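In what follows, a single structure is set out as structure tokens and then discussed.
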Amino acid sequence: MSRKLLIATGSKGKFPEIVKELGALPVEFLSLADLGYPADYEIEEPAMTFEGNAIIKAMTMGKKSGLLTLADDSGLEVDALGGRPGVFSARYTPGEDADRCVKILQELRNVPDGERGAQFRCLVAIYDPETEKVRTCEGIYRGRIIREEHGTNGFGYDPIFYNDELGKTNAEMSMEKKNSVSHRGAALKKAKEILIKEFLN
Ligand code: ITT
């Protein structure tokens with residue numbers, strides 16, 4: 019019987035990307051909803067770093083469930099804003115994802131095209147409550163912030179994050195394409211190796 023792996027995220031955007039990337043692993047994927055948590059369940063993220071929050075999320079839900087658990091803490095770091103919104107990406111302004119995109123566009127309205135660089139950062143933490151083992155890995159994805167939203171795929175800041183090589187925003191890519199270039203895809207490729215070598219043997 020395959021081992022259960024809890025994907026400890028309340029984000030409707032992250033969950034399918036994670037399952038898509040880790041799909042080939044010999045595990046049974048469980049969501050928070052599968053364990054009976056409500057759709058708006060929020061795991062606390064009190065740390066000031068992505069790594070700290072990823073570990074807290076994985077350990078909190080791993081201890082509660084008794085299951086091998088993977089969590090993701092991620093966000094957008096804009097060069098011209100000194101790395102903001104960073105760990106506060108999900109809470110940068112009240113409202114929806116679209117409101118947070120508008121806030122970034124407004125803050126950058128006077129920033130010239132050549133200075134609109136930004137990156138997504140993703141920290142993945144894996145925690146096994148049976149052994150108390152914790153491992154983390156990171157992915158970074160550079161691009162730039164365009165001047166208006168484009169595309170409807172993805173979530174969060176995807177409509178304003180432009181990939182020059184592909185000539186489109188994240189929100190204009192399929193999930194497969196986004197995973198092949200993104201911060202989360204990069205972190206999950208490492209997480210897959212770590213899971214195989216250190217947790218599933
Ligand atoms: P969980 O903690 O339950 O996983 P969350 O949405 O609160 O869900 P984070 O605290 O890690 O997750 O916040 C990540 C935010 O960063 C997310 O809400 C988006 O605004 C942004 N973000 C992260 N990855 C992104 C991506 O691939 N595309 C667009 N925006 C992303």
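Residue numbers (this note's numbering): 19 to 219.
Beta carbons: idealized from backbone N, C-alpha and C, even for Gly.
Every value quoted in this text rests on a predicted model; they were computed, and no experiment measured them.
- Secondary structure at residue 105: helix, using DSSP grouped into helix, strand and coil.
- Set against 7 Å, the gap from the CB of residue 182 to the closest heavy atom of ligand 1 is not smaller.
- Counting only heavy atoms of ligand 1, the residues whose C-beta sits closer than 5 Å to one of them are, along the chain, 27, 28, 29, 91, 92, 93, 107, 108, 174, 175 and 176.
- No Cβ-Cβ contact shorter than 8 Å links residue 67 with residue 145.
- Under a 10 Å Cβ-count criterion, residue 219 is classified as exposed, with fewer than 16 other Cβ atoms of the shown protein chains found around its own Cβ.
- Rounded to whole angstroms, the separation of the alpha carbons of residue 23 and residue 172 is 23 Å.
- Per the DSSP secondary-structure output, residue 157 pairs in a beta bridge with 140.
- Comparing C-alpha distances from residue 168 to each of 190, 157 and 185 shows the shortest one belongs to 190.
- Spatial neighbours of residue 32 in its own chain (CB-CB distance under 6 Å, excluding positions within 5 residues in sequence) are listed in chain order as 90.
- In this structure, the CA atom of residue 143 is about 9 Å from the CA atom of residue 77.
- For residue 25, the uninterrupted beta strand (DSSP E) segment begins and ends at 21 to 25.
- Per DSSP, the beta bridge partners of residue 162 are 135 and 180.
- For residue 37, the enclosing alpha helix (DSSP H) starts and ends at 32 to 40.
- Of all C-beta pairs linking the segment 93 to 101 to the segment 127 to 138, three or more are shorter than 8 Å, placing the two stretches in contact.
- For residue 120, the enclosing alpha helix (DSSP H) begins and ends at 115 to 125.
- Counted as a single uninterrupted DSSP element, the stretch harbouring residue 217 is not any alpha helix (DSSP H), since DSSP gives it neither H nor E.
- A direct Cα-Cα distance of roughly 11 Å separates residue 84 from residue 53.
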